[in-house]
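Working notes for the structure below.
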Ligand code: ADP
Ligand code: ASP
Ligand code: MG
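Here it is as structure tokens:
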């Protein structure tokens with residue numbers, strides 16, 4: 009019998025009625041002949057509420073205790089779902105991350121899954137019991153509860169799928185699948201029937217929160233098939249595939265945005281070997297992820313070094329850099345957190361030129377100034393003022409015709425992003 013993982017996000021378990029609906033969905037899969045492991049998020053808004061509660065008690069709660077508090081939301085939903093399944097006559101058992109156990113790294117708030125003990129889950133499945141696991145949490149080598157970062161239930165689901173060699177990991181959410189853009193700001197965004205794991209990685213890392221980036225990384229690494237589906241409507245959803253069919257690729261697959269970044273600029277950095285490591289070493293030691301970096305040597309051999317970090321790390325980064333600036337002989341550190349990143353993603357970029365040119369023209373026509381640019385083989389990102397993010401995303405979605413079905417393009421060799 010095949011194992012299927014079914015993960016339901018916060019909006020899918022936000023009320024008792026919705027939990028009953030999830031129970032029916034799970035029962036359908038059991039009746040289809042699968043052994044089912046369910047992964048649940050906390051009820052919508054609950055994790056935010058718990059974080060606020062912690063901050064009411066302490067402005068800077070210890071990360072260990074914050075994880076103890078934050079992880080409780082999922083414990084409620086798994087228990088409720090098991091009750092609903094049992095009420096319908098099905099055997100079901102809930103497990104927190106600590107009970108499975110899901111072993112993680114030690115880092116509270118952004119722990120990584122390292123090992124999953126399969127024994128309890130498999131023996132339950134063998135005896136016909138539905139297993140319901142709390143998403144977003146695990147336990148570290150000290151025996152302490154950890155959490156996996158916001159949106160981490162996706163990662164729990166994919167990690168379980170990998171550990172149990174599940175035939176598919178179904179991610180049920182409040183939209184019809186992965187769309188060409190966030191439907192909250194682009195109402196005519198279109199559902200993609202398939203997307204490559206590589207594109208999904210870029211979309212997730214660019215802010216499309218439909219899947220947590222680490223979940224996609226896991227799926228990519230272990231070859232876990234992911235199917236993103238709606239909790240509320242019977243639609244075919246989006247399959248995340250490993251292969252790409254280049255003949256059918258459009259120029260662009262999707263547009264993503266991220267309003268959770270902040271920008272820091274160190275002014276007049278001396279142009280000497282070792283400076284970048286003196287700046288980024290302490291930032292990395294503080295577990296702060298740096299996204300874009302721009303450095304350009306001016307004619308006077310001094311240079312401005314600009315980079316972006318997660319907005320929650322903005323003040324911490326400023327604090328660290330204020331100590332470093334005098335040490336390296338730079339002039340000053342300035343920052344801004346009213347920025348947004350807009351990204352275009354698509355494997356079609358590899359074989360289709362002119363994407364960057366069109367992007368810059370469209371933004372210029374809307375009067376949107378570009379502060380930073382970065383590119384990868386299948387992505388172009390720009391930093392703009394936050395107030396322009398919706399306008400920019402909509403204009404780009406429209407300019408690349410993303411609401412329409414894919415236009416086919418001829419396969420051709422790799423071309424520069426900047427040729428039109
Ligand atoms: P869940 O609670 O099910 O985990 P999330 O809120 O984490 O759901 O993710 C789903 C949301 O992701 C959608 O409601 C949508 O607003 C947002 N989103 C952003 N970009 C995309 C995209 N490209 N496709 C689908 N949803 C997207
Ligand atoms: N409840 C957690 C969060 O809100 C995890 C998740 O929903 O995936 O981030
Ligand atoms: Mg989510």
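Residue numbers (this note's numbering): 9 to 428.
All C-beta atoms in this analysis are idealised placements derived from N, C-alpha and C, irrespective of residue type, glycine included.
For residue i, the three-state DSSP class (helix, strand or coil)
{"i": "residue 91", "result": "helix"}
{"i": "residue 146", "result": "strand"}
{"i": "residue 286", "result": "helix"}
{"i": "residue 209", "result": "helix"}
{"i": "residue 419", "result": "Caution applies to residue 419, whose pLDDT of 35 falls short of 50 and renders its modelled position unreliable; the value that the coordinates give is listed next. Note: residue 419 maps to coil in three-state DSSP."}
{"i": "residue 218", "result": "coil"}
{"i": "residue 124", "result": "strand"}
{"i": "residue 157", "result": "coil"}
{"i": "residue 15", "result": "strand"}
{"i": "residue 119", "result": "coil"}
{"i": "residue 365", "result": "helix"}
{"i": "residue 293", "result": "helix"}
{"i": "residue 25", "result": "helix"}
{"i": "residue 99", "result": "coil"}
{"i": "residue 338", "result": "coil"}
{"i": "residue 392", "result": "strand"}
Exposure label - residue i; buried when at least 16 CB within 10 Å
{"i": "residue 243", "result": "exposed"}
{"i": "residue 372", "result": "exposed"}
{"i": "residue 171", "result": "buried"}
{"i": "residue 258", "result": "buried"}
{"i": "residue 60", "result": "exposed"}
{"i": "residue 195", "result": "exposed"}
{"i": "residue 342", "result": "exposed"}
{"i": "residue 280", "result": "exposed"}
{"i": "residue 125", "result": "exposed"}
{"i": "residue 230", "result": "exposed"}
{"i": "residue 65", "result": "exposed"}
{"i": "residue 266", "result": "buried"}
{"i": "residue 57", "result": "exposed"}
{"i": "residue 289", "result": "exposed"}
{"i": "residue 15", "result": "buried"}
Closest residue to residue i among the options (Cα-Cα distance)
{"i": "residue 291", "options": "280, 261, 268 and 327", "result": "327"}
{"i": "residue 306", "options": "61, 210, 271 and 276", "result": "276"}
{"i": "residue 102", "options": "87, 95, 96 and 116", "result": "87"}
{"i": "residue 302", "options": "402, 293 and 316", "result": "316"}
{"i": "residue 108", "options": "119, 140, 81 and 78", "result": "140"}
{"i": "residue 325", "options": "353, 269 and 362", "result": "269"}
{"i": "residue 144", "options": "401, 80, 345 and 246", "result": "80"}
{"i": "residue 184", "options": "44, 211 and 246", "result": "246"}
{"i": "residue 132", "options": "391, 181, 67 and 46", "result": "46"}
{"i": "residue 234", "options": "213, 201, 42 and 130", "result": "201"}
{"i": "residue 226", "options": "167, 157, 149 and 248", "result": "167"}
{"i": "residue 157", "options": "345, 284, 217 and 393", "result": "217"}
{"i": "residue 39", "options": "19, 49, 22 and 11", "result": "11"}
{"i": "residue 147", "options": "284, 330, 274 and 115", "result": "115"}
{"i": "residue 457", "options": "152, 138, 136 and 69", "result": "With the chain covering only 9 through 428, there is no way to say anything about residue 457."}
{"i": "residue 174", "options": "43, 397 and 313", "result": "43"}
In DSSP terms, what residue i is bridged to
{"i": "residue 323", "result": "Residue 323 pairs with nothing; no bridge assigned."}
{"i": "residue 262", "result": "353"}
{"i": "residue 235", "result": "178 and 247"}
{"i": "residue 311", "result": "277 and 305"}
{"i": "residue 136", "result": "Paired residue(s): none; residue 136 is not in a bridge."}
{"i": "residue 202", "result": "247"}
{"i": "residue 343", "result": "272"}
{"i": "residue 187", "result": "199"}
Any non-hydrogen atom of ligand 5 within 8 Å of residue i CB
{"i": "residue 227", "result": "This structure lacks ligand 5; the ligands present are ligand 1, ligand 2 and ligand 3."}
Could you pull out every unbroken alpha helix (DSSP H) segment of at least 4 residues lying fully inside the segment 35-87, listed in chain order?
Within the segment 35-87, the complete alpha helix (DSSP H) runs of at least 4 residues are 54-65 and 71-78.
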